[in-house]
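Notes for the one structure printed next.
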Amino acid sequence: MACIHCGTAPVLRKDTATARMMVVCPECKARGDAAIHEARAWMSWELVNDADLPRHSCKAQGRPRFIQAGGQWGYGCKACNFADVGYATLEGAVAGWMREHRHVKA
Ligand SMILES: [Zn+2]
Ligand SMILES: [Zn+2]
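Right, here's the structure in full:
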């Protein structure tokens, strides 16, 4: 599935040191979670790359970008430089985004 941010086809990156892989957008660096199995890496990409996710409540209505910082997951909006972390997992961050933005239907 092409990147919802820029339409680029994602690639599977393997980290030989940790034997983990993740799906990333080579253009805008959108990414899924690191996983041991390829199928899991693609599932994670589809989770964050869902065109049905609610958009940010800012003027530009940016699509959410999921980020990992300091061992925590979070989300942000590139259009207005909003970012918030504090989730243990990527799934938690996605659920948090949906909770906070459900009321603003794009
Ligand atoms: Zn992209
Ligand atoms: Zn925004």
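Heads up: the sequence shown at position 48 corresponds to 47 in numbering that gives the first Met the number 0, and the numbers run straight through without jumps. Each residue gets a CB set at the ideal place from its N, CA and C atoms; glycine is no exception.
With a CB to CB cut of under 6 Å and the five nearest residues on each side skipped, what residues in its chain are close to residue i?
i: Trp96; result: Pro63, Tyr74
Do you know offhand how far residue i's Cα is from residue j's?
i: Gln60; j: Arg54; result: 5 Å
i: Val93; j: Ala16; result: 28 Å
i: Trp72; j: Asn48; result: 15 Å
i: Arg98; j: Gly91; result: 10 Å
i: Phe65; j: Ala40; result: 14 Å
i: Phe19; j: Thr88; result: It is Arg, not Phe, that sits at residue 19 in the sequence shown. Going by the C-alpha atoms only, they are around 16 Å apart.
i: Ile35; j: Leu11; result: 12 Å
Closest to residue i by C-alpha separation, out of the options, would be which residue?
i: Asp14; options: Ala33, Gly70, Glu90; result: Ala33
i: Gln67; options: Ala78, Arg12, Gly85; result: Gly85
i: Asn80; options: Lys28, Glu90, Glu99, Cys57; result: Cys57
i: Lys77; options: Arg98, Gly69, Met0, Ala29; result: Ala29
i: Arg101; options: Glu90, Gly91, Arg12, Asp51; result: Asp51
Here's a check: name, in chain order, each residue in its chain whose Cβ is nearer than 7 Å to the Cβ of residue i, leaving out the five neighbours to either side.
i: Pro9; result: Cys2, Val22, Val23, Cys24, Trp44
i: Ala105; result: Reliability of the predicted coordinates at Ala105 is poor, the pLDDT of 48 falling under 50, and the value obtained from them is presented with this limitation in mind. Closer than 7 Å at Cβ, skipping near neighbours: Pro53, Arg54, Gln60.
i: Ala82; result: Ile66, Gly73, Gly75
Short check: CB of residue i to CB of residue j, under 7 Å?
i: Glu37; j: Cys5; result: no
At a threshold of 6 Å, does residue i count as lining ligand 3 (C-beta to nearest heavy atom)?
i: Ala78; result: Looking for ligand 3 in the displayed structure turns up nothing; the ligands present are ligand 1 and ligand 2.
Query raised in the report: Got a list of residues with beta-carbon closer than 6 Å to any non-hydrogen atom of ligand 1, in chain order?
Result: Cys2, His4, Cys5, Thr7, Cys24, Glu26, Cys27, Ala29
Query raised in the report: Closer than 6 Å from C-beta to any heavy atom of ligand 2: which residues, in chain order?
Result: Residues close to ligand 2 by the beta carbon criterion (under 6 Å to any non-hydrogen atom) are, from first to last along the chain, His55, Cys57, Ala59, Gly61, Cys76, Ala78, Cys79, Phe81.
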